[in-house]
Amino acid sequence: METAPQPAVTDYRTLARVELPIMVERYPTSRYSLLELEPQTGRKHQLRRHLKHIAHPIIGDSTHGKGRHNRMFADQLDCRRMLLACVEMRLTHPITGQPCC
Numbered sequence: 001m002e003t004a005p006q007p008a009v010t011d012y013r014t015l016a017r018v019e020l021p022i023m024v025e026r027y028p029t030s031r032y033s034l035l036e037l038e039p040q041t042g043r044k045h046q047l048r049r050h051l052k053h054i055a056h057p058i059i060g061d062s063t064h065g066k067g068r069h070n071r072m073f074a075d076q077l078d079c080r081r082m083l084l085a086c087v088e089m090r091l092t093h094p095i096t097g098q099p100c101c
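Sequential numbering from 1 applies to the sequence shown in UniProt numbering.
The structure is reproduced here in C-alpha cells:
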C-alpha cells in the first residue's frame with residue numbers, strides 16, 4: 001500500500017562559492033558552493049533529494065550525487081566522503097512541545 005507524498009521543506013543560505021580550474025564535464029572549470037541547510041520537516045534523505053532536484057547535488061553522495069564530480073574530488077583532492085555535516089540539532093519534546101537543550 002503506497003502512501004501519499006508528504007511535504008518536505010528545506011531553507012538554505014549560500015555561505016561561500018569557489019571555482020576550481022578543473023574540467024569535470026563540458027566546462028573548463030568547476031563551480032561549487034558551501035551551503036547552510038535547515039530542514040523544516042524531517043523526511044528521509046530530504047536534504048540530499050532537494051539538492052539533487054535543483055541540480056546541485058552534495059559532493060560524495062553516491063546515491064543522489066554526480067559520479068564525475070565525486071570521482072574528481074576523490075582523485076584530485078583525496079576526498080572520498082560525503083561533504084554533509086550536522087553542526088547543530090534542535091529537538092522538540094514530544095509531550096510538552098518545548099525545545100530540548
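Where a beta carbon is used, it is the ideal one built from N, C-alpha and C, also for glycine. Model, not experiment: these values are computed from the prediction.
Item: Can you list the beta strand (DSSP E) stretches of 3 or more residues lying completely in the UniProt domain "Pseudouridine synthase RsuA/RluA-like" (6-53), in chain order?; Value: 10-20 and 30-39
Item: Shortest alpha-carbon distance to His93 belongs to which of Leu34, Met1 and Cys101?; Value: Cys101
Item: Please classify Met72 as buried or exposed, where buried requires at least 16 neighbouring CB atoms within 10 angstroms.; Value: buried
Item: Taking the straight line between their C-alpha atoms, what separation do you get for Pro28 and Gln98?; Value: 51 Å
Item: For Asp75, report the span of its alpha helix (DSSP H) as first-last.; Value: Gly67 to Leu77
Item: Among Glu38, Leu37 and Leu20, whose alpha-carbon lies nearest the alpha-carbon of Arg31?; Value: Leu20
Item: Any beta carbon of chain C sitting closer than 9 Å to that of Gln98?; Value: Within the model displayed, chain C is absent; a lone protein chain is all it includes.
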